[in-house]
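Below is one structure, written out as structure tokens; the observations come after it.
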Amino acid sequence: MTEQKSTAPKAPKVDSTLSKGLQILEALAAAPRAKGVSELSRDLGLTKSNVFRLLQTLTVLGYVRPTEDKRYQATLKTWQVGRAVLENFNLRELAAPEMQMLSAETGEAVYLAVADGLGIVYLDKIESTQPIRTWNPVAGTAPIHCVGTGKAILAAQYGLMRGRLDGNLKACTDRTITSIEQLDAEMEATRARGYAIDTGEFRDRVRSYGAAIYLPDGEAVAALGVSVPDVNLKDGDEARICALVKQAAGSISKRLADS
């Protein structure tokens, strides 16, 4: 009997040096503080000499920089590459139908935002049609712990960011969460609900509601939000808006998974 040869495709070869370099870059990008050669070696199971050599290469390429205490941290070049990838997803186009739906259903300002360090940046918006309205420009920023879109993204990756926020929770209004213990509880509640609520923590008497948009691997890549002056809210409006935002963000996440 003739032995049948396997027709299964061969797994592609992985370049060992590139793989290790990316491991180091990912570890530094996710770390709340700079890391040393010994710590990276221990965490990643690599030799110190390997880690040191790859860190020098990453430094020359601009992805990593040394600190004064001889540790290393990822630079904004990593973020810039990620932002370029995000732009190529054409997130604005993917989110446009849901943003239009939210605008039509609420009449309030609708925002698409992404994380930027300890803040968020607004990628796109639809203006409110109400006489009393909120205003944040496209490319405008806000602290990640103060607004609905930021809190939604933060809740999804809180384990990675908590250490960076501890001691850096600056107050914008008297409602801003400035205690890490209070933020812990808020993030737990946000994850349980599936959406975030800003009760006037960034601007007085302006409430906002946000829900995260996820990539197929579970990473929160952006968030949708609706911003509302509290004088515009009637009974039942908040619950309705929150449900709509959650539904809209979920639809975009599904579209990303299918794209």
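Position one of the sequence shown corresponds to residue 0 (numbering that gives the first Met the number 0), numbered consecutively onward. Think of the CB as a built atom: it goes at the ideal place given N, C-alpha and C, for glycine as much as any other residue. Every value quoted in this text rests on a predicted model; they were computed, and no experiment measured them.
- Per DSSP, the beta bridge partners of Q72 are R64.
- Burial state of T56 is exposed, judged by a 10 Å Cβ sphere holding fewer than 16 other Cβ atoms.
- As a beta-bridge residue in DSSP terms, I212 pairs with A221.
- Straight across, the Cα-Cα distance linking G166 with T128 is about 38 angstroms.
- Taking a C-beta distance under 8 angstroms as the contact criterion, E97 and I196 do not qualify as a contact pair.
- In the DSSP annotation of this structure, the continuous segment of the beta strand (DSSP E) that includes P142 starts and ends at T140 to P142.
- In summary, S226 is buried, with 16 or more beta-carbon neighbours lying within 10 Å of its beta-carbon over all protein chains present.
- Nearest in C-alpha terms to Q22, of all of P31, L53 and R32, is L53.
- Annotation for P215: L255 and A256 place their beta carbon closer than 8 angstroms to its own, counting only its chain and skipping 5 residues before and after.
- Judged by DSSP secondary structure, A151 falls within the alpha helix (DSSP H) whose first and last residues are G147 to A155.
- With respect to the C-alpha of E107, the residue from L122, N231, G116 and E187 having the closest C-alpha is N231.
- Per DSSP, reduced to three states, the secondary structure at L117 is coil, with no helix or strand assignment.
- The beta-carbon distance between A247 and A112, rounded to whole angstroms, is 13 angstroms. This is too long to meet the 8 angstroms contact definition.
- Contact between R70 and A33 holds, with the beta-carbon distance rounding to 4 angstroms and staying under 8 angstroms.
- Counting only unbroken stretches of 4 or more residues, the alpha helix (DSSP H) elements lying wholly within the stretch 25-49 are 36-43, in sequence order.
- In the structure shown, L182 falls within a helical segment according to DSSP collapsed to helix, strand and coil.
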